[in-house]
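Note sheet for the following structure.
In mature numbering (1 follows the signal peptide of the UniProt record, and there is no 0), the protein residues as written are -18 to -1, 1 to 388.
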């Protein structure tokens, strides 16, 4: 899987529509039919299958005074860090099935449909959903990379090389990157690209930051190690260093920190499925990219247990980091926590790519984007609700009183 380090920029003043009129909108409680299920607050709003059906929002009378007063922001959707499934499989992770017309397109990086940083027209992504309310948004990746932007641990290219600016735009994520590569992505691509695009420091930014899966998939033994690469202390140091670099070099940024996913749920979903049959006998498709998940018998049970423990350790670290930034209460930088409640074991098999039967399909990317959008302005309790699978994704209409709660 590739890391996600992408930046989207909205108008600094509001998330509202530029239209000068508004329609009164009555809150609707959808109860258990809601994509947030029983945890949805009664005042959480109304849901539609197309944001065009939502009433427009009037412009703000005055610009926000800090990152704690945002209806919307300049979206900087940073790293979506999934486990390395090899560059080929990762590249194909964002398409639901093999392309019958051009099979070579199954093995490229489809950046434009990534839930966190994609900007392809018609794709259900956070950038496109935000752009509905703010047409000035920039930064979403478009199209695909014919090659692979590979970076993992010490195997990462040195310096500002390895990115395709035309496609990546403000998505600095690279295939297979570990937490130890985050600072490189921020220093060598993201910050320089922000400067090259003449993006004002005063403009508000939103960083969608999802990290940890590559480490969990490749280095699960770190769960039981006292120190060393990918251990919780190493992970924490890398995350803190990257966030501090962003705070100091890309000001007015709000970070939505999406926790590490429970990857073993994907094993539960895919094990034994015809959908996942592999031409090579006795080799699971995801074995190449996620050795910790693919073992058989007692060995497999042990390594998957290590993965689960490491995910728990990482999420504890991430929540501590969020709490620390909340206490510091910077005016131009904040970090909010998005619990990674993605029950893949309960999803349909189409939630994973048919190419490697491990990475999320384009259908899954769309539903993850919808889930993140629906939680964007909700409180901590509502944000923790499971990302349920909907046949047709629905989207929460923004309200005049909405703010991203920091």
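Backbone N, C-alpha and C define an ideal beta-carbon position, used for all residues, glycine too.
{"Check": "Every unbroken beta strand (DSSP E) within the region 89 to 172, with a cutoff of 3 residues, ordered by chain", "Outcome": "none"}
{"Check": "Cβ-based burial, residue 389 [other Cβ within 10 Å; buried from 16]", "Outcome": "Not covered by the structure: residue 389. The range shown for the chain is -18 to 388."}
{"Check": "Backbone secondary structure at residue 238 - three-state DSSP", "Outcome": "strand"}
{"Check": "Proximity below 8 Å, CB of residue 225 to CB of residue 193", "Outcome": "no"}
{"Check": "Short Cβ contact (8 Å threshold) for residue 375 with residue 325", "Outcome": "no"}
{"Check": "Residue 232 - DSSP class collapsed to helix/strand/coil", "Outcome": "coil"}
{"Check": "Complete alpha helix (DSSP H) runs within the region 325 to 375 (minimum length 4 residues, chain order)", "Outcome": "344 to 357 and 362 to 365"}
{"Check": "Range of the contiguous alpha helix (DSSP H) that encloses residue 275", "Outcome": "No alpha helix (DSSP H) holds residue 275; DSSP gives it neither H nor E."}
{"Check": "Continuous beta strand (DSSP E) stretch holding residue 317: start and end", "Outcome": "315 to 320"}
{"Check": "With 16 other Cβ atoms within 10 Å as the buried cut-off, status of residue 298", "Outcome": "exposed"}
{"Check": "Of the residues 387, 364, 359 and 373, the one placed nearest residue 381, counting alpha carbons only", "Outcome": "359"}
{"Check": "Residue 133 beta carbon less than 8 Å from that of residue 200", "Outcome": "no"}
{"Check": "Close Cβ partners of residue 237 (< 6 Å) along its chain, the five nearest in sequence each way excluded", "Outcome": "189, 191 and 317"}
{"Check": "Given 8 Å, three or more beta-carbon pairs between the region 242 to 258 and the region 328 to 341", "Outcome": "yes"}
{"Check": "Expected contact under 8 Å - CB spacing of residue 296 and residue 242 to nearest Å", "Outcome": "4 Å"}
{"Check": "Closest Cα partner of residue 314 within the set 233, 195 and 120", "Outcome": "233"}
{"Check": "First through last residue of the beta strand (DSSP E) which encompasses residue 189", "Outcome": "187 to 192"}
{"Check": "Opposing strand residues paired with residue 377 [DSSP bridges]", "Outcome": "30"}
{"Check": "Span separating the alpha-carbon of residue 303 from that of residue 150", "Outcome": "28 Å"}
{"Check": "Residue 233: CB within 7 Å of a non-hydrogen atom of the ligand SAH", "Outcome": "Ligands are entirely absent from the displayed structure, and the ligand SAH is therefore not among its contents."}
{"Check": "Per-residue DSSP class, three states only, for residue 312", "Outcome": "coil"}
{"Check": "CB contact flag (residue 240, residue 322, <8 Å)", "Outcome": "yes"}
{"Check": "Which of helix, strand or coil DSSP assigns to residue 49", "Outcome": "coil"}
{"Check": "Proximal residues to residue 251 (C-beta, below 6 Å), its chain only, five neighbours per side dropped", "Outcome": "326 and 327"}
{"Check": "Beta-carbon gap between residue 171 and residue 196 smaller than 8 Å", "Outcome": "no"}
{"Check": "Residue 67 versus residue 341 - alpha carbon distance", "Outcome": "The pLDDT assigned to residue 67 is 25, lower than 50, so where the model puts this residue is not dependable; a value taken from the coordinates is nonetheless given after this. So the two alpha carbons sit approximately 8 Å from each other."}
{"Check": "Other residues of its chain near residue 114: CB distance less than 7 Å, five sequence neighbours each side excluded", "Outcome": "33"}
{"Check": "Residue 123 burial status per 10 Å Cβ neighbour count (16 or more: buried)", "Outcome": "buried"}
{"Check": "Integer Cβ distance of residue 103 from residue 121, believed to fall under 8 Å", "Outcome": "Residue 103 to residue 121, Cβ: 15 Å. No contact."}
{"Check": "Distance between residue 146 and residue 259 (C-alpha atoms, nearest Å)", "Outcome": "34 Å"}
{"Check": "Under 8 Å between C-beta atoms of residue 351 and residue 111", "Outcome": "yes"}
{"Check": "Reduced DSSP category for residue 295 - H, G, I as helix; E, B as strand; rest coil", "Outcome": "helix"}
{"Check": "Cβ-Cβ distance between residue 30 and residue 379 below 8 Å", "Outcome": "yes"}
{"Check": "Start-to-end residues for the alpha helix (DSSP H) that takes in residue 213", "Outcome": "Run containing residue 213: none; DSSP gives neither H nor E here."}
{"Check": "Coil, strand or helix - residue 174 by DSSP", "Outcome": "helix"}
{"Check": "DSSP state of residue 179 mapped onto helix, strand, coil", "Outcome": "coil"}
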